[in-house]
Amino acid sequence: MSKPSLPQGTRDFSAETVHKRNYILSTIKQVFELYGFQPLETPAMENLETLMGKYGEEGDRLIFKILNNGLNDPKNTDKAKAGFEKVLEGKNSPLLTERALKYDLTIPFARYVAMNHGILTFPFKRYQIQPVWRADRPQKGRYREFTQCDADIVGSNALMNELDLTNIYHDVFNKLGLKEYTLKINNRKILLALAESCGGEHLLTDITIAIDKLDKIGIDKVKIELEQRGLNEAQIKSIETYLGINGTNAEKLISITQLLGVNDNAKNGIEELTWITQQSTTANIEIDFTLARGLNYYTGSIFEVKAPETVQMGSIGGGGRYDNLTELFGVAGIPGVGISFGVDRIFDVLEELNLFPANAQLGTQVIFFNLGESESLYAYSIMQDVRKNGISAELYHEPVKMDKQFKFADKKKISYAVILGSKEIEEKICLVKHLKTGIQESVTIDGLSDYLKNKISTE
RNA sequence: GUGGUUGUAGCUCAGUUGGUUAGAGCACCAGAUUGUGAUUCUGGGGGUCGUGGGUUCGAGCCCCAUCAUCCACCCCA
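For the first sequence, counting from 1, position 5 maps to 16 in this note's numbering; every step adds exactly one.
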């Protein structure tokens with residue numbers, strides 16, 4: 012047998028990592044619920060048909076497909092071969108694969124809303140935290156299995172929802188200690204107006220894909236890309252002017268009105284942006300007309316969250332408004348707006364800035380040293396009392412040299428050691444040693460739980 | 001999907017133009033030390049050199065394949 016290994020792009024999470032991830036996830040969850048969102052979970056797999064064609068050609072290629080069972084049954088041989096022929100042509104075939112792992116949380120959510128729109132109360136606010144899978148080539152900060160963390164409101168056009176979502180970002184990042192984040196905001200209607208002023212709505216996709224890369228490749232290369240996508244010099248010129256707008260939020264709104272204000276779509280978009288930035292009380296919101304976001308289903312406000320500039324990290328969250336997500340599943344007229352947190356990247360940022368609180372990684376708090384068979388049995392009964400008081404405790408599993416027991420405690424980052432030997436038992440006391448400072452105190456056995464509770468809470 | 005990088009002990013790595021029985025530091029275990037973490041000393045366990053083929057008298061080293069890794073592109077979180 013060969014050495015055990017993990018599939019490409021997947022990870023095991025150690026206790027420390029799980030504790031830290033849970034700290035992030037429970038913080039987000041708490042805020043979501045505070046804003047009236049309810050949880051939803053959907054299966055790991057969906058029917059392939061549900062997912063295909065929803066993420067563009069590239070996306071279809073990256074969906075993990077699940078091979079049907081029973082293909083080796085002789086009565087299925089012809090079907091399997093026919094299906095295989097189709098796959099060789101680059102097509103999918105239900106003869107071979109009917110199910111796939113979910114690729115994101117949005118499409119399964121849309122499917123859920125389409126299936127249940129009769130019984131849901133609108134506006135429907137749900138959050139969802141689950142793993143998704145993509146058959147992408149892994150690299151820095153990119154995995155084949157990763158956790159998405161979404162909140163959406165469907166069935167309402169009110170801009171109040173956008174305001175709520177920006178405040179959720181603010182609350183979450185403040186609770187996580189990431190006060191220097193930037194929430195970039197733009198409106199797809201303004202981009203649409205830009206496309207129209209350049210010659211037509213059909214240019215929207217090409218323009219958004221190109222300017223979405225501005226951050227990464229610079230203005231010159233964006234111009235080259237626009238040229239390759241078939242735009243002429245005058246069109247590129249006006250896009251460059253658009254991208255050059257800067258200043259405070261208020262100044263940007265004036266500039267954009269001068270540039271595109273005659274266009275109805277632009278007017279709407281600018282109105283929406285103005286309202287959101289005026290109502291929002293946080294200083295972290297920044298209008299950014301270069302923000303485009305690749306996903307084509309966005310139709311109104313779009314968001315993206317940047318980590319503080321001191322850390323080299325792409326976006327740690329994003330979202331936007333869409334008009335007709337459920338139309339794909341035959342239910343029209345349900346608009347929505349949503350946001351997403353990039354949990355893995357937030358993890359890396361908090362790690363780099365050392366923002367995890369010490370209690371985010373707490374394991375065992377107290378260890379009882381094992382000083383012999385009868386002593387340890389006595390210690391065990393005392394330990395049970397300590398556990399009843401909500402303090403996580405363990406007893407060293409065998410009577411070995413204290414040196415070894417100290418090292419064990421050290422490795423497990425346990426804060427306190429309780430020494431309870433024959434001498435102490437006789438005197439009805441025990442010695443409690445704080446392992447970081449080496450300070451040792453004598454405590455009565457009856458008072459041990461209270462002593463530890465007090466110590467741990469004031470640490 | 002395209003191009004490149006790396007893979008040797010638990011960890012970090014060395015290993016000469018292919019040549020005896022593959023090394024170091026850290027970690028681990030035991031003893032010096034049978035109730036207080038250090039230091040020091042002594043001894044010890046650990047490797048099918050990612051995997052499978054090939055070339056060769058001989059392969060950790062060369063060739064092919066494969067798996068994993070990291071990086072860039074594409075795309076995206």
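Ideal Cβ placement from N, Cα and C applies to all residues, glycine included.
Inter-residue Cα distance where the pair is residue i and residue j
| i | j | result |
| --- | --- | --- |
| Ile357 | Cys441 | 43 Å |
| Ala146 | Ala206 | 33 Å |
| Val273 | Lys200 | 13 Å |
| Arg22 | Arg32 | 13 Å |
| Ser392 | Ser468 | 23 Å |
| Gly328 | Thr177 | 11 Å |
| Ile235 | Val360 | 33 Å |
| Asn465 | Phe43 | 33 Å |
| Met12 | Asn172 | Because the pLDDT at Met12 is just 40, under 50, the model does not fix this residue reliably, and the value given afterwards should be weighed accordingly. If you take the alpha carbons of Met12 and Asn172, they lie about 56 Å apart. |
| Ser385 | Leu459 | 20 Å |
| Val348 | Gly331 | 6 Å |
| Thr38 | Leu431 | 39 Å |
| Asn257 | Gly229 | 16 Å |
| Leu116 | Ile140 | 8 Å |
| Lys76 | Val322 | 36 Å |
| Gly401 | Pro149 | 42 Å |
| Lys224 | Phe133 | 36 Å |
| Leu406 | Asp182 | 41 Å |
| Gly70 | Ile267 | 33 Å |
| Leu472 | Asn127 | Examination of residue 472 is not possible in this model, given that the chain is present from 12 through 470 alone. |
| Asn79 | Glu100 | 19 Å |
| Lys186 | Glu315 | 19 Å |
| Leu131 | Tyr308 | 23 Å |
| Leu36 | Val143 | 16 Å |
| Lys92 | Asn83 | 11 Å |
| Lys447 | Lys424 | 9 Å |
| Ala420 | Lys434 | 22 Å |
| Thr337 | Glu68 | 20 Å |
| Gln269 | Gly211 | 20 Å |
| Thr285 | Leu264 | 7 Å |
Contacting residues, own chain, Cβ-Cβ under 8 Å from residue i (five flanking each side not counted)
| i | result |
| --- | --- |
| Asp226 | Thr301 |
| Leu189 | Ala318, Pro319, Ile357, Val360, Leu361, Leu364 and Leu366 |
| Leu373 | His30 and Ser403 |
| Asp8 | Lying before the first or after the last residue shown, residue 8 is absent from the chain, which here runs from 12 to 470. |
Beta-carbon spacing of residue i, residue j below 8 Å
| i | j | result |
| --- | --- | --- |
| Leu123 | Leu51 | It is Tyr, not Leu, that sits at residue 123 in the sequence shown. Yes, these two residues count as a Cβ contact at 8 Å. |
| Ile118 | Leu62 | yes |
| Gln246 | Arg137 | no |
| Asn350 | Tyr389 | Checking the displayed sequence, the identity of residue 350 turns out to be Ile instead of Asn. Not in contact: Ile350 and Tyr389 (Cβ atoms no closer than 8 Å). |
| Ile287 | Asn260 | no |
| Thr219 | Ala343 | no |
| Asp163 | Phe120 | yes |
| Asn295 | Leu194 | yes |
| Ser25 | Ile196 | no |
| Asp275 | Thr310 | no |
| Met56 | Leu112 | yes |
Cross-strand partners of residue i (DSSP beta bridge)
| i | result |
| --- | --- |
| Pro142 | Thr158 |
| Leu442 | Ile430 and Ser453 |
| Phe135 | Val165 |
| Arg332 | Val348 |
| Val316 | Leu194 and Gly328 |
| Lys496 | The chain is shown from 12 up to 470; residue 496 falls before or after that span and cannot be answered. |
| Ile298 | Ile196 |
| Arg240 | Paired residues: none, contrary to the question. |
| Glu207 | Bridge partners of Glu207: none, in fact. |
Own chain partners of residue i with C-beta closer than 6 Å, once the 5 adjacent residues on each side are dropped
| i | result |
| --- | --- |
| Phe135 | Val165 and Gly166 |
| Lys90 | Leu106 |
| Ser291 | Thr177 |
| Asn168 | Pro346 |
| Leu237 | Ala221 and Ile247 |
| Gly280 | Asn198, Lys200 and Ile201 |
| Pro410 | Asn381 and Gly383 |
| Lys102 | none |
| Gln451 | Leu442 and Lys444 |
Sequence-distant residues of its chain with Cβ nearer than 7 Å to residue i (five each side left out)
| i | result |
| --- | --- |
| Asp461 | none |
| Ser104 | Gly94, Lys97 and Val98 |
| Leu271 | Ile201, Ala204, Leu205, Ser208 and Ala277 |
| Ser453 | Ile440 and Leu442 |
| Gly341 | Ala125 |
| Met394 | Phe379, Ala404 and Leu406 |
| Ile456 | Ile393, Lys439, Ile440 and Cys441 |
| Glu109 | Asn58, Leu59 and Asn79 |
Between the segment 151 to 158 and the segment 353 to 367, can you find at least three pairs of beta-carbon atoms closer than 8 Å?
yes
For the 8 Å Cβ check, are there 3 or more pairs between the segment 377 to 395 and the segment 433 to 448?
yes
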